Each structure stands twice: as structure tokens, then as C-alpha cells.
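Numbering (UniProt numbering), first residue to last: 1 to 518. What follows is one structure encoded as C-alpha cells, with my remarks underneath.
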Amino acid sequence: MHSSNKVGFWYKLRKYLREYSEITGIHGLRYVAEQRSRTEKIVWVFLLLFSLAGCLYMINEILQKYENSPVVVSFTTEDTPTYQIPFPAVTICPEMKYSREQFNYSEMYFRLYRGEKIEQEVQEKFFHLSLLCDMDGTSIVSRHANYTADEGLFKTFDEVKLDRAALLTYCHFNYAFKKCEDFFAPVIIDEGICYSFNILSREEVFREHVFNYAEYYYVPNKSEDYFDMETGYKDNAGINTYPRRALMSGADNSLTVFFKYNLGDADFTCNGLFQGFRVLIHTPWDVPRLSKHHFHIPVGKVVVAAMEPEMTITSETVRKFKPERRKCFMQDERHLQHFKYYTQSNCLLECTTNYTLSRCGCVRFFMPRNNTTPICGSGSSNCLRQAESELKGTELKSKLSGNSFCNCQPSCTNLKFGVEISHSDFYFKEYFESHTNMTIIDNSSHWSVLQIYFKEEQFTTVERNELYGMSDLISNFGGLLGLFTGFSIVSLMEIIYFCTLRIFCNEKIYGIWSGRDE
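The following block contains the structure:
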């Protein structure tokens, strides 16, 4: 009796499945269930399994792509007007690090080389200035200099600095000639005392504990009420705001700077090969490092820099991914010890600072620090070079293994400026004679000009977006299932129907779950 019931159940199940296969839209299933030859059924089973395997393989490929690269970078549908971004910060550093009227570095260097006795105060100034000079020949300096330096070195830099008014003589911006000191703020960075246009003030760049000397890196204008690094200018920001807007394109809307170069201040012992000025175009919130990135303005040249912004933004849908997967940091995700806002450049500077401190027990004079952190003197130059070399090697090895020692990924909202540079000779004597009725007879001074402007009124922005949204994944999976097997949402409803409601209704109508016995 038990065996008879078991046989009856399997018979009813086969009959029920055959009925389903005749109705369903899934490809090929009816040929397996039909009462045909075994050979035909085996062939169709093989074809169905092959098709299902191909479908699963393709679905796995999509899942792997989504897992490994969930973010895609593409062009936005509309161009961005230049007035929606700030005019870049422009940092200018003279190759001359000091006024030779105030101090003669070469004379002190050769006196030290000859073993002559030098007054303590003069020797201290010399060691301070040696931190600004090229590293060639520092073995002579490092043998006599202290390992660390005190904060008096900033006073030395300030006392022997070049006169800003004589160095940056005329500036033109927004159709007006002004004194350059109205535009450029003095900053102490890796190249010593430099001058920056349109930077954010130290209170907005550094955290409160970071030491800044006197009025350096100070700007009276504040940006926090009008500008946000991720979203740009706020609705209440007008035309004349800070950081200054990039209003219009073209050379007639440029920032133009006239430089005066006094050959009497050139010191090849300190400056090395190049004479003139170093220039870096960067964002207002980045701390400039002209020892790493810059272009050069030679003496007696007009240099024209035509800019094209390169901006990357990130959609909110990408925020749900971890930074390791989207390959960028949002502002609230990566805390920096010394900086208020995250940028890749500032992060790398902080990483170098921390590694230098742990390796040498001090930091370079331009690195962010508090009042108690020792400053490295010229006597620690060997350790500093070795630490920098070690950090580069460690970071490279870490990246090759798929990690990062510094963990300094780009900002999710990132602005850069591509620069196209051209130059020509500047006949400054003829220029001033024709424009000012002034005859120049001083052959020790030479002039250069820098002109910076935007090439176009708008630019193309790229955006990080989700590679596949939920609707995209469902569409892709559904498309593959439909292509390989004919499966759809209706097919799923059919399966649920045959497993639930149809059985119940068969019991009600025919008194048996498998339906009418044919």
C-alpha cells in the first residue's frame, strides 16, 4: 500500500511538472518534459544546462566588474562656466632668497670653507639661510651647523628678505592697476619667503595648534561664509567675493604681474643654475610646494600662461561606497592632524612631516608643526634626505602591493588647472620709455612679466558616478536571463503560482493537488 502511494505521488508530480513546462515561457523546458525519445530529452537537457551556465558566467562577470570598479568617471552633460570656480591661487618665489645688501651668503660660505673664524651671530644667520639654498655642497655646512634650529631662523628670513614692492612692482587684475601688496600675501614655504595671490588665510587652512610666524600666511579676507570646497560658491556670494571668482576668459581679463630682478642680489652659491622666478598655479586651499611643482619665469621674458580648469565632481550615490572602492575621499572622511580641510597635496605634506619627525626627531622649517616640535637645522640635512628617499620607496612598495603608506587619495571634489605656457623677449627699456616717458639707465635691473588668464568661458567637468545602480543591475540580470533562458518576472510569478495558488485551487476544484487526471 505504501509503495503504491509513493508511485502515485511521483506520477502526479511528473504530470504536474509536464503541465508547467507546456505553459511556461522558459525556453526549451517543454522539450524536456514532452513524451519524446530519451535522446531528444538528453540533448535538450544539455542545451539548457549550457545556456544556464553561460548566463551565470555573464552575471558573474557583471558582479565582478561591479565589485572591483563600482565607480565610473564620465563627462557631465553640461559644461561648467568659469565664474562658478575660484580664480587659482598664484604663488611666486624669487630664485634670489635674500637681499645681498643685508647679507652676503657667498662670502660667509667661502670663509667657512677656508676655516676662518666667523662671529657667532653672523654664523647663525648663515646657517639659517643655508636651509633656503640648494643642497649642493651642504657637507661643508652640515659639518659645522647644529642638528636643530630655533625659531630665530624665521626672524633671519624676515630681516634679509627682498623688498616686495621692488620685487613685484605692478599688478593688474579686473581692469585695474594696483600695488602688488594689495593682491599678494607673504608666505613662508619650502622655497623661503614667497608671495601668494588668492590663497585662503592660515586660519582657514591650518588647525589652531599649527605655528605661523608673524603675519605670514595671513589674509584679511575670509571665505567660509561664501565658499565651500565641495559645493563651490554659496548662494549669498556675490561677484566680488573671496576667494576671487574666475569671472571671464581672455587676456583682457588676466592677472598680470611685473617683476623686477636686481642682478646685484643674484648669488649662484645659494641659487644654483636658475635665475628669475618660480611660479605655481594651484587651488587656494592647497599649501604650495614650489620645490616639487612650478614653471619658471626667466629674466627679461614675457611669460603667458593660458589656463584650462580640470574639475572632478562626485555624485551623492557614490558616497555609499568605501573610499578604497571609489578611490577618493570626501571632506568628512579623512581627518588631517594639521590641516582643516583634506586635499591630496596637504595630506602628502602631512605624511612627509610625520615621517620626517619619526625618522629624524625634527621637521623642516616649512612643515606644519606646533611650538614644541623641533626644527631641523642644516646639520640634519643627511637625515632629511635619507628620510625623504625612504618615504618615497616605502610608498611605492606599498602601492605596488595594492595599499598606500600615506593613504592620500584624491579628493572626491577636485580642481586642477592645466596650463599652456608661451614666452617671448621683453624689451622692457623700450616698453617703459613708450608707456611712462621714463628712460632706464640702470643696467643691473631686469624685468619680466607674467600674464595668467582662462582660455575659455566654460570647461568640461568629469563626474564620478555609480557604474551600476540597482535598476541597472536588475536590467542587466533580467536581460541576460531573458537572452539565455527566456526567464522574466512573469516566469517567476508562474513558478510561485504553480507552487502555491494552483495547488490550492486544484484541491478545491478536482479534489487532488495535481489537477484533473487526463
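No residue lacks a Cβ here, since even glycine has one placed at the ideal position from N, Cα and C. Source: prediction; values computed, not measured.
Since residue i contacts residue j with CB under 8 Å, what's their CB separation in whole angstroms?
i	j	result
Thr-314	Cys-412	4 Å
Cys-93	Phe-277	7 Å
residue 523	His-446	Outside the displayed range of the chain (1 to 518) lies residue 523, so it cannot be described from this structure.
His-209	Asn-370	5 Å
Val-160	Gln-102	4 Å
Tyr-226	Tyr-233	6 Å
Met-248	Thr-80	Not quite, the Cβ-Cβ distance comes to about 14 Å (not below 8 Å), so this is no contact.
Val-419	Ile-281	6 Å
Asp-425	Ser-291	Incorrect: roughly 28 Å between the Cβ atoms, too far for contact.
Lys-97	Cys-270	6 Å
Tyr-242	Asn-212	19 Å between Cβ atoms; not a contact.
Phe-258	Val-449	6 Å
Tyr-147	Leu-168	About 36 Å; that fails the 8 Å criterion.
Leu-396	Thr-373	27 Å between Cβ atoms; not a contact.
For the alpha helix (DSSP H) that contains residue i, what are its first and last residues?
i	result
residue 523	A query on residue 523 cannot be resolved here, the shown segment of the chain reaching from 1 to 518 and no further.
Glu-494	489-499
Phe-154	152-159
Phe-110	105-113
Ala-387	381-400
Ser-378	Premise fails: Ser-378 is in no alpha helix (DSSP H) and is neither H nor E.
Glu-203	202-205
Val-32	29-33
Glu-466	No alpha helix (DSSP H) contains Glu-466, which is instead part of the beta strand (DSSP E) from 462-466.
Thr-269	268-271
Residues bridged to residue i by DSSP?
i	result
Met-311	Leu-415
Cys-93	Arg-278
Gln-337	Note: Gln-337 sits in no beta bridge, so no partner.
Asp-225	DSSP output for Asp-225 lists no bridge partner at all.
Arg-245	Pro-86
Ser-196	Thr-91, Ala-185
His-296	Arg-278
Leu-255	Ile-452
Phe-329	Ser-411
Ala-305	Ile-421, Ile-452
Thr-80	Phe-459
Val-363	Ile-375
Thr-283	Answer is none; Thr-283 lacks a bridge partner.
Thr-148	Cys-376
Can you list, in chain order, the residues of its chain whose CB lies under 7 Å from that of residue i, leaving out five sequence neighbours each side?
i	result
Ile-26	Thr-485, Gly-486, Phe-487, Ser-491
Ser-254	Gln-451, Ile-452, Tyr-453
Leu-391	Thr-352, Tyr-355
Lys-12	Ser-514
His-293	Leu-280
Gly-250	Tyr-453
Leu-17	Ala-33
Return helix, strand or coil for residue i, following the three-state DSSP convention.
i	result
Thr-169	strand
Pro-186	strand
Asn-506	helix
Gly-232	strand
Arg-516	coil
His-446	strand
Gly-137	Because the pLDDT at Gly-137 is just 46, under 50, the model does not fix this residue reliably, and the point stays unresolved.
Glu-101	coil
Tyr-261	strand
Lys-320	coil
Thr-343	coil
Thr-353	helix
Lys-12	helix
Can you list, in chain order, the residues of its chain with a C-beta nearer than 6 Å to that of residue i? Leave out the 5 residues immediately preceding and following it.
i	result
Arg-334	Tyr-342
Val-73	Val-462, Arg-464
Met-367	Thr-353
residue 536	The requested residue 536 does not occur in the structure, where the chain is confined to residues 1 to 518.
Phe-339	Asn-346
Arg-245	Tyr-83
Arg-289	Asp-190
Ala-237	Tyr-226
Please list the terminal residues of the continuous beta strand (DSSP E) segment that includes residue i.
i	result
Leu-132	Leu-132 -> no beta strand (DSSP E), and no H or E assigned at all.
Ile-62	No beta strand (DSSP E) contains Ile-62, which is instead part of the alpha helix (DSSP H) from 38-68.
Leu-481	Element bounds for Leu-481: not the beta strand (DSSP E) but the alpha helix (DSSP H), 470-485.
Ser-404	Note, Ser-404: premise wrong, no beta strand (DSSP E); not H, not E.
Val-219	No beta strand (DSSP E) holds Val-219; DSSP gives it neither H nor E.
Ala-74	It should be pointed out that residue 74 corresponds to Ser in this sequence rather than to Ala. Here the beta strand (DSSP E) through Ser-74 covers 71-75.
Phe-177	176-178
Excluding five sequence neighbours on each side, which residues of the same chain lie with their C-beta closer than 8 Å to the C-beta of residue i?
i	result
Ile-118	Met-108, Arg-111, Leu-112, Phe-126
Asp-228	Lys-234
Asp-39	The question names Asp, but residue 39 is Thr in the sequence shown. No residues qualify anywhere along the chain.
Gln-458	Asp-79, Thr-80, Pro-81, Thr-82
Please confirm if residue i has its CB atom under 7 Å from at least one CB of chain D.
i	result
Arg-245	Annotation note: the requested chain D is absent from the structure, which comprises a single protein chain.
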